[in-house]
Structure formats: C-alpha cells, structure tokens
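Single-structure report; data block below.
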C-alpha cells in the first residue's frame, strides 16, 4: 500500500488510490481506482492501546468497527468505513460506553435522522483514534458485483488501518520503550464487520508486517451498527460520506433529483433515467439500469 503521507509526528494521514488488488495470489486490475482516505492518531493509539509490562493486557485490546452504505442504490459508489474509538468508548451500545461523551447520540438508535448523522460525522472524525473511508466506484461494482465490491472495500479499509497501526507501534516502541513487538502475540485485534460475513483479508501481506492471522479476531454482526459503538461510528462515516458524493452528483445533474433519492430506485429516479438516460455513475450491472440501456438500443 503506497502513497501514505504523514503530517506532524502524532498523526498519520492515509490517502490511497488502489488500482490493483491481490486476490488469493492473483493481481486483479480494477475497472476504476478505489480511493481510501483517513487518519490515525498515533499518540492516542500509544497512550490508550500500547501495552506496558505493568499493565493489564486485557484492558488493551483494540477494536475496529467496519460498516458500509449504498449497497442498494442504482447510482454511485458503495462507501465503506472503518473506525477505532477511544478504548473507554468501545463496547456494546447497550452498556452505554458513550454516555456523556460527544458521541452520545450514537446510543439513541440505529435509525438516526440525517440531521443527527450530520452532527455526529465531524465528531467521529475528531474523536476517533483511527478511521478510513473507502469509495468503491460503480465501475468496480459492475466488474465484481455489489457483494464482492463491498467485501473488497471492507478488506481494504481494515488492512489500511492495520498497516498504519503496525508501522507506528513498531516505530514508537523503539522511542518509548513500550514492551511491544508490533502487535504482541497475546493482544488480539477485534475486527467487527456489520453483516453476516467477514471479508477475506490478505493475510500474506499482513504477516509480512508482523500481524499474523492468529492475532486477528474477525466477527460478523448482523445489525452490528445497533450493537457495537465502533461499528456505529463507522456507519456514520460511511453514510454521510456517501451522501456527500450524492449531493455533488446532484449539483452536476440536477434534472435527476439525486439529492432526494440518493440513487435508490424510486419512481422519480426511474422516470429521470427514462427521460434523460443513464449516467456514467449508474451501475450498469443492476437490472433496472441494464434494462434502460437495452431499451435505448
């Protein structure tokens, strides 16, 4: 993973365009780049999660929540996000670890209004120890199908955070004398995915940077954004970032009323496709769009 840029000593900015992916030992050229953006607060990571010999290891487990937005629409990218919250804020929503924190709105319910999501979005960006958002474009969805595109986005977000974590824990261990060798063998990283399956991570790559498969505990949680704070935080990032791309498309193509339907197959959207045609951002592999193209022919 190249193109990582660093700002200040305590913050890693993650900015990547992925054009090829290694899938089970074979490189696949993507139909369009997948863009990843985010950051890792290294200082907070070390303060909250670095293990010292005198500390209780059980209190230092690290949790990454991963969620997506936009699997159902006919238009635009599917957005995936991964988030690491402060250790005291990570856990089951029902246990109220976010009570009296800037993210307390996340404990209300899964069905947050757009107004509440817009309030939470900058707060998650500000207070998350690490976060990555992947924009998986329509061309990739058409290339590999929506399920595989979503799994790929989840995988890339997770691997980007793990790579940054490993790199900076190693670097800071030397300087701060924390008793860590990359991620210590008895310190598992929990990766919680919203949904009923986990993506296939590139364990060969992770092993090269010192994160063996035994260190990673992948869990799939149906409706996980209503159960785990880290998944809920990732859900906010994914949903709001996708909405932003929809508003940008709406500005370019106001006749489609994209700001209202956000790409979903509403009657107004279908009528706009019939009247104005299919945009480059439409998912051509989805049946309604495919049929519209066939009618044109």
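Numbering (UniProt numbering), first residue to last: 1 to 297. Ideal Cβ positions, reconstructed from N, Cα and C, are used throughout, including at glycine. It should be emphasised that the depicted structure is a prediction, and the values quoted were computed from it without experimental measurement.
What does DSSP give as the partner residues of residue 134 in its beta bridges?
-> Here residue 134 is taken as the residue at index 134 of the chain shown, counted from 1. Answer is 36, 80, bridged to residue 134.
Going by DSSP, which residues form a beta bridge with residue 29?
-> Within the chain shown, residue 29 is the residue found at index 29, counting from 1. Looking at the DSSP assignment, residue 29 forms a beta bridge with 20.
How close, in whole Å, do the beta carbons of residue 299 and residue 159 come, if the pair is a contact with beta carbons under 8 Å?
-> Because the chain here runs from 1 to 297, residue 299 falls outside it and cannot be looked at.
Classify residue 282 as buried or exposed, calling it buried when 16 or more other Cβ atoms lie within 10 Å of its own Cβ.
-> Position 282 of the chain shown, counted from the first residue, corresponds to residue 282. Label assigned to residue 282: buried.
Neighbour-count burial assignment, residue 166, 16 or more Cβ in a 10 Å radius = As a first step, residue 166 is located in the chain shown; it is residue number 166 there, counting from the start. The residue in question, residue 166, is buried, as its Cβ has 16 or more Cβ neighbours within 10 Å.
8 Å CB neighbourhood of residue 24 in its chain, flanking five on each side removed = Residue 24 sits at position 24 when you count from the first residue of the chain shown. 200.
Going along the chain, which residues of its own chain have a beta-carbon closer than 7 Å to the beta-carbon of residue 125, five neighbours each way excluded?
-> As a working mapping, residue 125 is identified with position 125 in the chain shown. Excluding residues within five positions, the ones whose Cβ falls inside 7 Å are 131.
Buried or exposed for residue 76, please, with buried defined as at least 16 other CB atoms from any protein chain shown within 10 angstroms of its CB.
-> For this step, residue 76 is matched to residue 76 along the chain shown. Buried is the call here.
Verify whether the separation of the beta carbon atoms of residue 236 and residue 127 is less than 8 Å.
-> Counted from its first residue, the chain shown places residue 236 at position 236. Counted from its first residue, the chain shown places residue 127 at position 127. Going by C-beta atoms, residue 236 is not nearer than 8 Å to residue 127.
Have a look at residue 305 and residue 192 and give me their C-alpha separation to the nearest angstrom.
-> Not covered by the structure: residue 305. The range shown for the chain is 1 to 297.
Which same chain residues, not among the five before or five after residue 31, have their C-beta less than 6 Å away from its C-beta?
-> In the chain shown, the residue the question calls residue 31 occupies position 31. Excluding residues up to 5 positions away in sequence, 139, 140, 143 lie with their Cβ nearer than 6 Å to the Cβ of residue 31 in the same chain.
Best match in 207, 64, 256, 44 for proximity to residue 225 [C-alpha to C-alpha] = In the chain shown, residue 225 corresponds to position 225, counting from 1. Ranking the options by Cα distance to residue 225, first place goes to 64.
Exposed unless 16 or more other CB atoms sit within 10 angstroms - verdict on residue 137 | As a position in the chain shown, residue 137 is number 137, starting the count at 1. With 16 or more other Cβ atoms within 10 Å, it is buried.
Where residue 245 falls: helix, strand or coil (DSSP) | Translated into the one-based positions of the chain shown, residue 245 becomes position 245. Residue state, collapsed to three classes: helix.
Excluding the 5 residues preceding and the 5 following residue 256 in the sequence, name in chain order all residues of the same chain whose CB lies nearer than 6 Å to its CB.
-> Taking the first residue of the chain shown as position 1, residue 256 is located at position 256. Close CB contacts of residue 256 within its chain, under the 6 Å cut and outside five residues either way in sequence, are with 272 (chain order).
Cβ-Cβ distance between residue 118 and residue 79 below 8 Å | Along the chain shown, read from residue 1 onward, the residue named residue 118 stands at position 118. Along the chain shown, read from residue 1 onward, the residue named residue 79 stands at position 79. Against a cut-off of 8 Å, the Cβ pair of residue 79 and residue 118 comes out as no contact.
Please report how far the alpha carbon of residue 28 lies from the alpha carbon of residue 253, in whole angstroms.
-> Position 28 of the chain shown, counted from the start, is the residue given in the question as residue 28. Position 253 of the chain shown, counted from the start, is the residue given in the question as residue 253. For residue 28 and residue 253, the distance between alpha carbons rounds to 32 Å.
If residue 103 and residue 89 are in contact, beta carbons under 8 Å, what's the gap, nearest whole angstrom?
-> Counted from its first residue, the chain shown places residue 103 at position 103. Counted from its first residue, the chain shown places residue 89 at position 89. 7 Å between Cβ atoms; contact.
DSSP three-state assignment for residue 67, whether helix, strand or coil = Position 67 of the chain shown, counted from the first residue, corresponds to residue 67. If DSSP states are grouped into helix, strand and coil, residue 67 belongs with the strands.
Cβ-based neighbour list, residue 43, same chain, cut-off 7 Å, excluding 5 preceding and 5 following = Translated into positions along the chain shown, residue 43 becomes position 43. Cβ within range, chain order: 10.
Cβ neighbour criterion (16 or more within 10 Å) applied to residue 276 = In the chain shown, residue 276 corresponds to position 276, counting from 1. With fewer than 16 Cβ atoms within 10 Å of its Cβ, residue 276 is classed as exposed.
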